[in-house]
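Here the structure comes first, spelled out in structure tokens, and everything after it is commentary.
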Ligand code: ADP
Ligand code: MG
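Numbering (our numbering), first residue to last: 923 to 1233.
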């Protein structure tokens, strides 16, 4: 496991909105690596900074401090044109709301090929249209729909258009920012399965963002739990579900809806109250308590967590 290839390395990034007295620290000293071919999850409640992290990776948001390395190359801050183009091509994003993220006035073939035209202006119309067709087929859309407008599609189909737009770039990393949250519950599994199929077929690496832990178990290899812009726990998926240490992780786990209504009624929802941490003198840090399992806490909490992992 130690010799896996790191595709993306996020090192101590912080991201602020605004400045001076109005500064808001949206992301605070966040670090993680994503290995080639894995699905890395980021989970946390709404407003915890997940989208901000995703947008910093593909350069939509500037970082305030820290480094982001893609294949060992720094991609945040000032970079040269060649690197910028590599990011534009190799890191793609799938957005949360397929109703809002597509240009209503453009036809589907234009929407899907827009990024491609920017990165590969040398491709002629015939090649482009062939690539659009192939991308549509890959995501389960009929190529004859290429000349239709977004409003003619359902939410699930629109999300497939958004995914085709990413896939056509032949990316290495896809940031899927709550890609199924806005979709009808009945079609979520289809879209997830399609994403997993695409990953297998194209050797893709995913950063998968979600606001709860309900589906992450099925798709993520490792998960980072964020609370108010900080990672509070990071572990392999099965390890995290079996031995959640941080109280915020435990609260997220307790909120997963159960399909069985009787069990659901019996389940107790753990409420997380951040004021439980007294960090006034005993300062917190990230520590690896089991191989690959990191948790944020101070000395007193670490001792408690260490007891928990031994149970
Ligand atoms: P998440 O994706 O986890 O819901 P976001 O990354 O969208 O969280 O936002 C993190 C925090 O940053 C939120 O409190 C949000 O209100 C704030 N924020 C996001 N975008 C902006 C912005 N452009 N200007 C100011 N604050 C912002
Ligand atoms: Mg978000």
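Think of the CB as a built atom: it goes at the ideal place given N, C-alpha and C, for glycine as much as any other residue. Keep in mind it's a predicted model, so treat the numbers as computed, not measured.
What does a CB cutoff of less than 7 Å around residue i pick up in its chain, not counting 5 residues either side in sequence?
i	result
residue 937	948, 949, 974, 978, 983, 985, 986
residue 1025	1033
residue 1057	1034, 1086, 1089, 1090
residue 1005	995, 997
residue 976	1015, 1097, 1099, 1129, 1131
residue 953	932, 933, 934
residue 1201	1220
Determine the direct distance from the alpha carbon of residue j to that of residue i, and round the result to whole angstroms.
i	j	result
residue 1229	residue 1220	14 Å
residue 926	residue 1073	43 Å
residue 1213	residue 932	20 Å
residue 1186	residue 1173	15 Å
residue 939	residue 1096	25 Å
residue 928	residue 1118	20 Å
residue 995	residue 1184	52 Å
residue 1128	residue 1175	22 Å
residue 1171	residue 972	15 Å
residue 999	residue 1071	37 Å
residue 1108	residue 1060	21 Å
residue 1030	residue 1052	14 Å
residue 1218	residue 945	24 Å
residue 1205	residue 969	25 Å
residue 1192	residue 992	38 Å
residue 1001	residue 981	11 Å
residue 1023	residue 1037	14 Å
residue 1122	residue 1207	36 Å
residue 956	residue 1231	25 Å
residue 1199	residue 1158	25 Å
residue 1043	residue 1120	25 Å
residue 1076	residue 1046	30 Å
residue 1188	residue 1225	31 Å
residue 1234	residue 1039	The structure shown does not extend to residue 1234, since the chain is modelled only from 923 through 1233, so no value can be given for it.
residue 942	residue 1203	27 Å
Whose C-beta lies closer than 8 Å to the C-beta of residue i among residues of the same chain, with five residues either side of it excluded?
i	result
residue 1041	1007, 1010, 1011, 1091
residue 1064	1058
Going by beta carbon distance, what residues of the same chain come within less than 6 Å of residue i, once the five residues before and after it are set aside?
i	result
residue 963	1130, 1138, 1142, 1145
residue 1050	1035
residue 1216	1156, 1208, 1210
Looking only at C-alpha atoms, which of the options sits nearest to residue i?
i	options	result
residue 1126	955, 960, 1159	960
residue 1062	1045, 1071, 1039, 1089	1089
residue 1211	1162, 943, 1148	1162
residue 958	1013, 1205, 1077	1013
residue 1223	1193, 1154, 1158	1154
residue 1066	1054, 1077, 1076	1054
residue 1124	953, 1093, 992	1093
residue 1197	1169, 990, 1217, 1207	1169
residue 951	989, 945, 969, 1098	989
residue 1100	1152, 1150, 967	967
residue 1160	1140, 993, 970	1140
residue 965	1209, 1151, 1028	1151
residue 1227	1189, 942, 941, 1166	1166
residue 1027	1069, 943, 1046	1069
residue 1149	1195, 1044, 1158, 1077	1195
residue 1233	1039, 943, 1164	1164
Measuring only from the beta carbon, is residue i closer than 7 Å to any heavy atom that is part of ligand 4?
i	result
residue 1109	Because ligand 4 does not appear in the structure shown, any question about it cannot be addressed here, the ligands present being ligand 1 and ligand 2.
Q. Counting Cβ pairs, one atom from each stretch, are 3 or more of them under 8 Å apart for the region 1167 to 1180 and the region 1126 to 1138?
A. Enough Cβ pairs lie closer than 8 Å, so yes.
Q) Which residues count as close to ligand 1 when the rule is a CB under 6 Å from any of its heavy atoms, in chain order? A) That gives 939, 946, 948, 966, 968, 969, 970, 971, 972, 973, 974.
Q: Could you tell me whether the region 1096 to 1115 touches the region 1012 to 1019, where touching means 3 or more Cβ pairs closer than 8 Å?
A: With the cut-off at 8 Å, the region 1096 to 1115 and the region 1012 to 1019 touch.
Q: Determine, using beta-carbon pairs with one atom in the region 1108 to 1128 and one in the region 1066 to 1082, whether at least three such pairs fall under 8 Å.
A: Cβ pair count under 8 Å is three or more, so yes.
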